[in-house]
Each structure stands twice: as C-alpha cells, then as structure tokens.
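**Student:** With our numbering applied, the sequence shown corresponds to residues 19 to 496, in that order. Every residue gets a Cβ at the ideal spot worked out from N, C-alpha and C, and that includes glycine. This is the structure, below, for whatever I ask next.
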Amino acid sequence: RPKINNLFTDCRVLRHKYPKNEVVLLGHLLKNITVKIDSICLTQCFKEANCMSFNLGPLVDGNHECELSNSDHVMHPNDLEHRAGFVYQSFEATFNGCLLPSVTITPQTKVTKEGRNVTFICNVTGQFSAKVTWDRLQGSLLDSRSVIDAVALTILNVSKNDTGSYVCTATSIMGSNSSTARLEVYSGLKFISRLPSSVLLYNGQTRKLFCSISSDLAVNVSWMFNGTSSFSQGVIFDSFDKLIVLSANFSHEGNYSCNAIDKVSYLQGNVVVRVKYPETCTKVRANISDVSGNYVIDPDGELGEDPFSVYCNMTDKGGVGVAVVSHDSEKKTHVKGFELPEHYTRKVHYIGTSLFQLAALTQASEKCEQFIKVECHGATINEAYWLSREGEKMKYWGGVPHGKGCACGLTNSCDAPKRHCNCATNDYVWRKDSGLLTNRSHLPVIQLNFGDTGDSNEELFYTLGKLRCYTSAGMTPK
C-alpha cells in the first residue's frame with residue numbers, strides 16, 4: 019500500500035450523515051449494482067475512491083438496487099427527487115488518507131537514582147483507537163517490578179540494571195507505530211566519611227571536618243554555617259569536601275552543614291560545633307600545641323570557676339604538658355629574729371588565679387607537686403608548719419605524703435638518730451630538708467610559719483617552688 023510519512027494515501031475516512039428516506043440523488047451515477055444485504059452497499063461506497071453518496075432501493079426478489087454517486091445533495095441540491103421505498107445516504111470525507119497512530123513518550127529521557135519508582139506515559143493520537151503495549155529494547159521487563167496501567171509503564175524500585183531504552187507500541191486497524199524512551203539509573207549520593215553529629219573543639223584547636231561523598235555523577239558540594247554561606251574568620255576550605263577550623267574560638271560555635279547535589283539526588287550532613295577551654299595543659303598539648311607558653315585553661319568547665327591563664331611546660335615530665343602556677347614567694351627567703359613558732363608568717367599569693375581555681379586544677383589533674391626546701395642553722399622546724407589551701411596546719415615537709423616529718427625520716431637517714439628531719443637537730447651546723455609536696459588535696463601551700471630564730475646565731479632560709487599539675491598520657495584523675 020502506498021505510504022508517505024505514516025500516511026496511507028489510498029485510504030480515506032468518511033463520516034456518516036443522517037440518511038434521507040423516500041429520496042434519491044439523480045444524474046451522478048458512478049456505478050449501479052445489486053446487493054443482497056443493505057450494508058454491502060455502504061461497503062461498496064467505501065471502496066470506491068470517488069463515491070460520495072448512494073441510493074439504496076427496497077428489497078425486491080431478495081436483492082437491493084445500489085446506486086453509487088460521485089456527488090451529493092450539498093453539491094447538487096436540485097437533483098434530489100422523491101422515490102418511494104428508497105433511502106439516500108451521503109458522507110463527509112474527514113481525512114484524505116489514513117494515518118498510523120502517532121506515539122510519543124513522556125518523559126523522553128529519565129535520569130534517576132536507585133530505589134525510586136519511575137513512570138513513563140505513552141501518548142497516542144490517531145484516527146482510530148489503538149492498543150498500547152510496552153517492552154524493553156534490550157532484555158525484557160521484569161513482571162515483579164513492572165506495572166502497566168493503560169498507557170503508563172511504572173518500574174518499581176529501579177536499579178542500575180534497569181538502565182536502557184523502553185518501547186511503547188500503539189496498534190490500530192491501520193497498523194503499528196512505536197516510540198522509545200531512555201532510562202538512566204545511578205547510585206544515589208553516599209557518604210564515604212560521615213560527619214559526626216557533634217564536635218567539641220578546644221579554644222585554639224585546629225580541626226578538619228570531612229564531608230566525603232561518592233556518586234556515579236559529577237557532584238557539587240557546598241558548606242553552610244548556621245544556615246548561611248558566611249563563615250567566621252579562621253574557617254577555610256582545603257577542598258570541596260574538607261572544611262578546616264583554624265585555631266578555634268567561640269565565634270566558631272554553631273551548626274555546619276555539608277550539602278551535596280548531583281543530577282539525581284541531594285544529601286546533607288550536619289555537625290554541631292561547640293568550643294570550650296581545655297581543662298589542663300595535658301589537654302592543651304594533646305589537642306592544641308606542644309609549644310611551651312601561656313594558655314587559658316578551665317579545669318572544672320563552664321559551670322565552675324572562671325577560666326584562667328597558666329604557663330604550660332610541654333617538655334617537663336616526659337612532655338605530657340605540665341601546668342605551672344607562679345606565686346609571690348618563690349625567692350629564697352631569710353628568716354632571723356623570730357623566736358616563737360608563729361612569729362614569722364608568710365602568706366603566699368598565686369599570680370592570676372584564685373584558690374578556688376587552683377583547687378579545680380588539682381582536682382582535674384592526676385598529679386600535683388610543689389617543691390619546698392628549708393636550710394637551717396641552730397634553728398629547728400619541729401614547731402614550724404604550713405597551711406593547706408583549706409587553711410589546715412601541715413607539719414610534714416617535702417618528700418612526705420602526709421602526717422609529720424621530712425623525707426629523711428622515712429628512710430631513717432636523718433643527720434641525727436631518732437630525728438624525723440635534718441633541721442630537727444638544732445645544732446649550729448648548716449643542715450637542710452627538701453623535697454616535693456605531692457598531696458594534691460592539700461596543695462597549694464598558702465602560708466608558711468617559722469620560729470626559733472631569735473638568738474643571734476639562729477637562722478634559716480626557705481624556698482617554695484611553683485605549683486605544678488599534670489596528667490600522664492592516657493590517664494584520668496581520680
């Protein structure tokens with residue numbers, strides 16, 4: 019059959035007009051035939067390319083007279099004439115030629131990620147009703163995940179294996195026509211390294227936040243801070259997936275979000291950043307810097323005493339980070355002319371800190387120590403004492419954990435037998451007792467009291483060192 023652009027040129031479509039009874043059209047005879055069934059006259063007119071109407075006679079001897087005409091009453095109204103028993107039928111040609119169904123698919127291309135449902139709609143137009151079928155160009159549709167509803171194809175829970183071309187075919191009495199749509203399925207965005215829900219940074223600490231994403235497609239990653247694209251000073255980006263907080267401070271506190279998008283999906287990660295001062299110099303060394311210097315610490319946290327500055331020695335005690343607190347009585351001090359035990363009193367003031375802050379430091383540390391040395395000549399320390407941070411009288415000296423006496427008394431090595439300190443000998447030879455005070459529940463020393471230096475040849479010197487507190491690596495204070 020001749021066809022141009024899906025048009026069958028030897029085909030026409032006719033629309034019935036209402037028949038006229040007892041009327042015939044005269045003078046335009048195309049063909050005169052006899053038929054046994056009246057509908058055959060209609061079919062014969064369809065078959066004749068130039069037939070525009072026909073006159074159907076009554077049934078006579080088992081036959082109808084069928085007169086096919088190449089005109090109609092619209093073109094020749096004066097040629098209509100009454101004739102008993104006849105029926106006049108005319109037509110209107112609506113198409114000159116017959117088309118195959120027109121088929122398009124919506125959408126023509128679908129790009130999506132795994133796990134979603136995808137629907138294609140087959141749009142069919144044409145002169146005749148058509149039956150719609152779906153198929154896959156390569157492979158076959160999976161019945162378990164393919165739902166066909168009239169002209170729609172839905173593929174459930176798509177996977178990358180569903181990538182390919184899908185064909186919709188529409189079939190009418192004129193034949194079949196098809197259209198193809200493309201489905202592309204990709205893995206959705208996934209975190210390679212997921213952001214933690216929250217991060218605690220120490221003031222001065224540098225921290226990298228990673229938002230590593232995997233995707234089959236090109237990915238655009240952006241960061242936001244508290245819902246905006248404006249960041250505090252000290253926040254930089256090493257790459258699209260890496261945010262660095264340099265030397266954290268309290269302006270860096272807030273919500274950081276990593277937003278990733280590709281052609282098929284969107285992914286967001288959020289992390290809340292909190293900033294606090296480190297509790298000890300050990301924390302400073304582990305998280306901020308291994309360079310000795312002054313740092314602000316907060317041993318008992320936000321709800322406790324105010325943060326304060328201390329010197330952190332990063333090389334002492336094996337490099338664990340030692341907090342060093344100075345005071346106003348560190349120089350070697352001479353005591354002479356004070357006979358009674360409490361005649362000489364020296365209050366110790368710690369620089370830049372309160373006793374409450376120092377108590378918090380000792381509690382947050384595994385170990386604390388304070389060096390003390392007494393050098394005596396004709397003077398005894400039997401009645402001397404120092405005050406703990408709680409104001410308690412303490413009569414033990416360096417090298418003794420509690421109670422009374424000096425280090426030599428623990429090893430029976432004092433200069434005089436049965437004495438607990440070298441400076442208990444009370445002779446006119448220069449002697450000394452020294453060592454570390456290490457009971458952190460008593461430290462720091464807040465006052466020193468001496469006597470027995472009233473005679474001209476009686477005197478002593480004392481030296482009180484800085485308070486030092488630290489925690490060994492991997493240890494927590496009890």
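Does the beta-carbon distance from residue 416 to residue 391 come in below 8 angstroms?
**Tutor:** Contact flag set, yes.
**Student:** Measure the alpha-carbon distance for residue 53 versus residue 187 and round it to whole angstroms.
**Tutor:** The alpha-carbon atoms of residue 53 and residue 187 are separated by roughly 39 angstroms.
**Student:** If you run the structure through DSSP and keep just helix, strand and coil, what is residue 321?
**Tutor:** Here residue 321 sits in coil by DSSP.
**Student:** Measuring CA to CA, which of 245, 489 and 265 is closest to residue 339?
**Tutor:** Looking at the Cα atoms, 489 is the closest of the given residues.
**Student:** How far does the alpha helix (DSSP H) with residue 381 in it reach, from first residue to last?
**Tutor:** Its alpha helix (DSSP H) spans residues 373-382.
**Student:** Count the other C-beta atoms from every protein chain shown that fall within 10 angstroms of the C-beta of residue 197, then say buried if there are 16 or more, exposed otherwise.
**Tutor:** Buried, by the Cβ-count rule.
**Student:** Only counting the same chain, and skipping five residues up and downstream in sequence, which positions put a Cβ closer than 7 angstroms to that of residue 393?
**Tutor:** Closer than 7 angstroms at the Cβ level, and outside the excluded window around residue 393, lie 448, 450, 478 and 479.
**Student:** When the distance is taken between beta carbons, is residue 265 closer than 8 angstroms to residue 224?
**Tutor:** Yes, these two residues count as a Cβ contact at 8 angstroms.
**Student:** Which residue's Cα is closest to the Cα of residue 402: 414, 409 and 209?
**Tutor:** Cα-wise, what sits closest to residue 402 is 414.
**Student:** Go through its chain and collect everything with a Cβ distance to residue 22's Cβ below 6 angstroms, but skip five positions before and after it.
**Tutor:** Because residue 22 sits at a pLDDT of 46, beneath the cut-off of 50, its placement in the model cannot be relied upon, and the following sentence gives the value as read from the coordinates. Excluding residues within five positions, none has a Cβ falling inside 6 angstroms.
**Student:** From the DSSP output, read off the bridge partner residues of residue 189.
**Tutor:** DSSP output for residue 189 lists 149 and 194 as bridge partner(s).
**Student:** Look up residue 402 in the DSSP assignment and say whether it is helix, strand or coil.
**Tutor:** Reduced to three states, the DSSP call for residue 402 is coil.
**Student:** Can you tell me which residues form a DSSP beta bridge with residue 243?
**Tutor:** Beta-bridge pairing links residue 243 to 246 and 274.
**Student:** I'd like the list of long-range same chain contacts for residue 475, defined as Cβ closer than 8 angstroms, with 5 residues on each side in sequence excluded.
**Tutor:** So the list reads 395, 396 and 446, once near-sequence residues are dropped.
**Student:** Compute the Euclidean distance between the alpha carbons of residue 472 and residue 357, then round it to the nearest angstrom.
**Tutor:** For residue 472 and residue 357, the distance between alpha carbons rounds to 4 angstroms.
**Student:** For the stretch 55-89, list the beta strand (DSSP E) runs that are entirely contained and at least 3 residues long, ordered along the chain.
**Tutor:** Within the stretch 55-89, the complete beta strand (DSSP E) runs of at least 3 residues are 71-74 and 82-87.
**Student:** Considering only the beta carbon of each residue, do residue 160 and residue 181 sit closer than 8 angstroms?
**Tutor:** No; because the gap between Cβ atoms is not below 8 angstroms, this pair is not in contact.
**Student:** Please state the DSSP three-state secondary structure of residue 101.
**Tutor:** Reduced to three states, the DSSP call for residue 101 is strand.
**Student:** Please determine, among 319, 134 and 183, the residue with the shortest C-alpha to C-alpha distance to residue 173.
**Tutor:** Cα-wise, what sits closest to residue 173 is 134.
**Student:** Could you work out which residue in 232, 262 and 84 is closest to residue 278 when comparing CA atoms only?
**Tutor:** For residue 278, the nearest C-alpha among the options comes from 232.
**Student:** Whose C-alpha, out of 62, 80 and 274, is nearest the C-alpha of residue 73?
**Tutor:** Residue 73 has its Cα closest to that of 62, out of 62, 80 and 274.
**Student:** Measuring alpha carbon to alpha carbon, tell me which of 228, 227 and 48 ends up nearest residue 88.
**Tutor:** Closest by alpha carbon: 48.
**Student:** I want to know whether the stretch 313-320 touches the stretch 372-383 - three or more CB-CB distances under 8 angstroms.
**Tutor:** Yes, they touch.
**Student:** Using three-state DSSP, classify residue 302 as helix, strand or coil.
**Tutor:** DSSP places residue 302 in helix when its eight states are reduced to three.
**Student:** Which value, in whole angstroms, describes the spacing of the CA atoms of residue 208 and residue 292?
**Tutor:** In a straight line, the C-alpha of residue 208 is about 26 angstroms away from that of residue 292.
**Student:** Quick one: what's residue 451 bridged to in DSSP?
**Tutor:** According to DSSP, residue 451 bridges with 392.
**Student:** Taking only the alpha-carbon atoms, compute the straight-line gap between residue 34 and residue 168 and give it to the nearest angstrom.
**Tutor:** Their backbone Cα atoms lie some 30 angstroms apart in a straight line.
**Student:** For residue 131, count neighbouring Cβ atoms within 10 angstroms of its own Cβ and tell me buried if that reaches 16, exposed if not.
**Tutor:** When all chains shown are included, residue 131 counts as buried.
**Student:** Quick check on DSSP: helix, strand or coil for residue 517?
**Tutor:** Because the chain spans 19 through 496 in this model, residue 517 falls outside it and cannot be assessed.
**Student:** Use the C-beta contact count for residue 306: other C-beta atoms within 10 angstroms, 16 or more gives buried, fewer gives exposed.
**Tutor:** Answer is buried; the Cβ neighbour count reaches 16.
**Student:** Can you round the beta-carbon distance between residue 398 and residue 442 to whole angstroms, since I take them to be within the 8 angstroms contact cut?
**Tutor:** Residue 398 to residue 442, Cβ: 6 angstroms. Contact.
**Student:** With H, G and I counted as helix, E and B as strand and the rest as coil, what does DSSP make of residue 268?
**Tutor:** Here residue 268 sits in helix by DSSP.
**Student:** Near residue 235, what residues of its chain come up, given a Cβ to Cβ distance below 8 angstroms and the 5 sequence neighbours on each side ignored?
**Tutor:** Cβ neighbours of residue 235 beyond the five flanking positions: 204, 280, 281 and 282.
**Student:** Taking buried to mean at least 16 other C-beta atoms within 10 Å of its own C-beta, is residue 387 buried or exposed?
**Tutor:** It counts as buried.
**Student:** Roughly how many angstroms lie between the CA atoms of residue 422 and residue 412, to the nearest whole one?
**Tutor:** Rounded to whole angstroms, residue 422 to residue 412 spans 8 angstroms at the Cα level.
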